[in-house]
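Notes follow once the structure below has been shown.
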Amino acid sequence: MDQHNSHHQPELRVYLKVWLWLFVLSVLSYLVDISGIEGLPKWGLITLFMLLKAGLIVAFFMHMAWERLSLIYTVLVPPAVLLFLAVLMAMEANYTLVSRLANLAG
Amino acid sequence: MASNEPNVSSPRQGAPGFIHDWSAERRVFNVPWGKAMMWLFILSDVFIFACFLVGYMVLRMSTVEPWPDASEVFALTIAGQSIPLLLIAIMTFILISSSGTMALAVKYGYANDRRKTAVLLLITALLGASFVGMQAFEWAILIGEGVRPWENPWGAAQFGAVFFLITGFHGTHVTIGVIFIVIMAVKVMRGSLDGQRPGFLTGRKGNYGMVESLGLYWHFVDLVWVFIFAFFYLW
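Chains F and S, in that order, give the protein sequences. My numbering puts the first residue of the first sequence at 978, with every later residue one more than the last. My numbering puts the first residue of the second sequence at 3, with every later residue one more than the last.
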């Protein structure tokens, strides 16, 4: 197949804008860390900025925004099971912690 | 199938296009095979890094000892002032910059601009190499302070194991990426991609789709760093 056929070429300013936003989001997440915000707001903001950065990189730098759905689903749907893994492991880790506190503390 | 089926060169978009791609009894992914394979490799690597990060979560959640505070552990003292996470912030900006230059290299590659592509690839490799250098510097500092995979001076012993495993595995990815980017820059400079010259190992004919596949790998390395930065350093 012709290499150029499937490829949409975004304009230069699209890349520069994404680049700028990645810098801004990195600065913001760094500021969250040094500002002393604690607890849920801190985790929420860090996670939000992280997901925005990841989305920008995948969509524009990796050209996912211009791919067909068959490729997008193949790449983005399987990692969803990782959320399930994380939930299961969080429950398991919590159980380990409770057991340690109950039986090994002191 | 209906007789007014759109022809293959203008496939439908959206959900009908998705169904068409999978049911048409022909190649599903309408991209060069090198790109499809790179995406599948990235998908497998996503699972490896995700398992590391989930393992890190389990260790951190289940330990009864306090987890070392990353802001203090990774602080740099400059002119008598301790600045938290300074080195990590610089490394983050370097990797983002290298992702930007890589994206532009892909763009100019498709525009058949050999000189710009090669220069941008070399800048990307240089930024990647400096990232690895800073990583080594950081490791040296922590090892000097007594961090080991089995102990550290500040708290939960698992901290060292997780730190060396995750940053080490990521640093290895960056190093491999730098090597391949340098090789690709040489290929671009000598015109191997324009001339469709076969590679010495695989015999594949050169084309600028190769720069894009390599770019996918490099952006993925940057992507992993986004998650490590958030979960390991900021959390």
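For each residue, glycine too, the CB sits at the ideal point set by N, CA and C. Since the model is a prediction, treat every value here as computed from it, not as a measurement.
Nearest to Leu45(S) by alpha-carbon distance, out of Tyr992(F), Leu1033(F), Ala1057(F), Lys1019(F), is Ala1057(F). In the pairwise beta carbon analysis, the region 1034 to 1043 of chain F is classified as not touching the region 127 to 136 of chain S: fewer than three pairs are separated by under 8 Å. In this structure Ile90(S) touches Phe231(S) by the C-beta definition: roughly 7 Å separates them, less than 8 Å. If you compare the alpha carbons of Leu1060(F), Leu1033(F), Met1066(F) with that of Arg62(S), the shortest gap goes to Met1066(F).
Residue range 78 to 80 is occupied by the beta strand (DSSP E) that includes Leu78(S). The beta carbon of Phe31(S) sits closer than 7 Å to some beta carbon of chain F. Neighbours of Lys109(S) in chain F, taken as residues whose beta carbon is under 8 Å from its own, are Gln986, Pro987, Leu989, Tyr992 in chain order. Straight-line measurement puts the Cα of Thr65(S) at about 13 Å from the Cα of Ala163(S). Under the Cβ distance rule, Val1052(F) counts among the residues neighbouring chain S, one pair being separated by less than 7 Å. Cβ contact annotation for Lys207(S) (same chain, cutoff 6 Å, sequence separation greater than five): Gln198, Pro200, in chain order. Gln160(S) sits in a helix when the DSSP states are folded into three classes.
The C-beta separation of Ala142(S) from Glu67(S) comes to about 25 Å, leaving the pair out of contact by the 8 Å criterion. Contact check for Gly217(S) and Lys37(S): beta-carbon distance about 10 Å, past the 8 Å limit, so the pair fails to qualify. Against chain F, the beta carbon of Leu106(S) has neighbours under 8 Å at Leu989, Tyr992, listed in chain order. Residue-level contact check: Phe1061(F) does not touch chain S, since none of the beta carbons of chain S fall below 7 Å from its beta carbon. According to the DSSP assignment, Ser1003(F) belongs to the alpha helix (DSSP H) that extends over 989 to 1012.
Counting along the chain, Ser25(S) sits inside the alpha helix (DSSP H) bounded by residues 16 to 25. If you check each beta-carbon in the region 1067 to 1083 of chain F against every beta-carbon of chain S, the ones closer than 8 Å belong to Ala1067, Glu1069, Ala1070, Asn1071, Thr1073, Leu1074, Arg1077, Leu1078, Leu1081, Ala1082.
At a cut-off of 7 Å, the C-beta of His175(S) has no neighbouring C-beta in chain F.
Residues are counted here when their Cβ sits less than 9 Å from a Cβ of chain S; for the region 1003 to 1018 of chain F these are Ser1003, Val1004, Ser1006, Tyr1007, Val1009, Asp1010, Ile1011, given in chain order. For Ile85(S), the enclosing beta strand (DSSP E) has its first and last residue at 83 to 85. Between the C-alpha atoms of Trp237(S) and Arg192(S) there is a straight-line separation of about 46 Å. Closest option to His175(S), judged by alpha-carbon separation, among Met39(S), Ile50(S), Gln83(S): Ile50(S). With a cut-off of 8 Å on Cβ pairs, the region 1044 to 1056 of chain F is not in contact with the region 1019 to 1030 of chain F, counting fewer than three such pairs. With its beta carbon at least 7 Å from every one in chain F, Pro155(S) lies outside the interface. Across the structure, Phe165(S) and Lys994(F) are spaced so that their CA atoms are roughly 33 Å apart. Between Ser215(S) and Met104(S) the beta-carbon gap is near 12 Å, outside 8 Å, which marks them as no contact.
From the beta-carbon of Ile98(S), the residues of chain F found nearer than 7 Å are Leu999, Phe1000, Ser1003. Taking each of Pro155(S), Gln137(S), Phe20(S) in turn and checking the Cα distance to Ile168(S), the smallest one comes out for Gln137(S).
DSSP places Asp224(S) inside the alpha helix (DSSP H), whose first and last residues are 211 to 230. Within chain F, the residues whose beta carbon sits less than 7 Å from that of His221(S) are Ile1034, Phe1038, Met1039, listed in sequence order.
Sorting Ile125(S), Val121(S), Val30(S), Ile96(S) by C-alpha distance to the C-alpha of Leu1046(F) places Val30(S) at the top. At a cut-off of 7 Å, the C-beta of Ala26(S) has no neighbouring C-beta in chain F. For Ala1031(F), the chain S residues whose C-beta falls within less than 8 Å of its own C-beta are Leu225, Val228, Phe229, listed in chain order. By the neighbour-count definition (other C-beta atoms within 10 Å, threshold 16), Tyr235(S) is a buried residue.
Of all residues in the region 182 to 216 of chain S, those with a C-beta nearer than 8 Å to a C-beta of chain F are Asn209, Tyr210, Gly211, Glu214, reading in chain order.
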